[in-house]
Structure formats: structure tokens, C-alpha cells
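K.L.:
The following block contains the structure, expressed as C-alpha cells.
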Amino acid sequence: MNKTAEKQALIDKIVEAIQDVKGEDVMIFDLSKIENSVAETFIICSGNSNTQVSALAGSVEKKVRNDLKDRPWHVEGTENSMWVLVDYVTVVVHIFQKEVRAYYDIEELWGDAEITKIESEY
1 MNKTAEKQAL
11 IDKIVEAIQD
21 VKGEDVMIFD
31 LSKIENSVAE
41 TFIICSGNSN
51 TQVSALAGSV
61 EKKVRNDLKD
71 RPWHVEGTEN
81 SMWVLVDYVT
91 VVVHIFQKEV
101 RAYYDIEELW
111 GDAEITKIES
121 EY
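Under the UniProt record's numbering, the letters of the sequence shown match residues 1 to 122, in that order.
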């Protein structure tokens, strides 16, 4: 599998894991054309409580580990689960509680990225 296909498989698996736990407002930011960006892709979603945010992060890690045999390079924010970051180097997942996401307004920050909004299945 080439790098592009590997990255797409990772993105698809992460989105699937988020949907399994009913993550909301899922957006994929393609940052590959942005100079000096910290990753090629951001996946951002929201949860309604620290319990759901924690469950979303757990679901992402477990599904990617089980299905793709990949582990994150770095995870942070699990102490309070207000904003959990799961870093797979080329793809970084940001899982927010709604009010924290609104406060940081990360969509505006990366507004020049190519953004794909994932429609909820529920």
C-alpha cells in the first residue's frame, strides 16, 4: 500500500471509530497544501461530555490498532477529556467537548485548508 492509500485508510478508520461512538460535527481538514503545517490532515469532532470525549479517543485508538496495526505517536488531554489529541503524525485527531471547540474555533484557525464535512449517520 502506498503512502497516500495508507493515509486514506487511516482517515477512513478514524472517521468510522468516531461514528461508532456518535461523535458530532466531524470534519476533515486537508492541510497538505499549507506551508509549514503541523500535519497533513486534521480530523476534528465533538463530544457532549468528558466521558464521550474519552470514549471517542479510546474508540479511535482501538479501531486503528486492531484493524491497521498502528498506534498513535502521541496522545494528550486524557486527564480531563476537554480536548483530546491523538497524533498519528500525518493525521492528527482533535476530539473536543462542544464548548471547548467553540472557544478555540480551530475551524477558523485552519480556514484555508480544504475541509470535508462528514454527514452524521444518526
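Just so you know, even glycine gets a beta-carbon here, dropped at the ideal spot from N, CA and C.
Use the C-beta contact count for lysine 33: other C-beta atoms within 10 angstroms, 16 or more gives buried, fewer gives exposed.
P.N.:
Result: exposed.
K.L.:
Taking 8 Å as the threshold, find out whether the segment 61-80 comes into contact with the segment 39-49 through three or more Cβ pairs.
P.N.:
No: the two stretches stay apart, fewer than three of their Cβ pairs being nearer than 8 Å.
K.L.:
Within its chain, find whatever has a CB closer than 8 Å to the CB of arginine 71; leave out the 5 residues flanking it on each side and keep chain order.
P.N.:
Within the same chain, arginine 71 has close Cβ partners Glu61, Val64, Arg65.
K.L.:
With a Cβ-Cβ cutoff of 8 Å, do isoleucine 115 and methionine 1 count as a contact?
P.N.:
No, the Cβ-Cβ distance between isoleucine 115 and methionine 1 is not below 8 Å.
K.L.:
Report yes if the C-beta distance between glutamine 8 and serine 46 is below 8 Å; otherwise report no.
P.N.:
No, Cβ-Cβ distance for glutamine 8 and serine 46 is not below 8 Å.
K.L.:
Could you tell me the alpha carbon to alpha carbon distance between arginine 101 and glycine 58, rounded to whole angstroms?
P.N.:
One C-alpha to the other measures close to 19 Å.
K.L.:
Just list the residues that DSSP pairs glutamate 119 with in beta bridges.
P.N.:
Per DSSP, none; premise fails for glutamate 119.
K.L.:
Do you know offhand how far valine 21's Cα is from glutamate 35's?
P.N.:
Spanning the two alpha carbons is a distance of roughly 33 Å.
K.L.:
In this structure, does DSSP put valine 26 in helix, strand or coil?
P.N.:
DSSP places valine 26 in strand when its eight states are reduced to three.
K.L.:
Which residue's Cα is closest to the Cα of glutamine 52: Ile118, Met82, Phe29?
P.N.:
Out of Ile118, Met82, Phe29, Met82 has the C-alpha closest to the C-alpha of glutamine 52.
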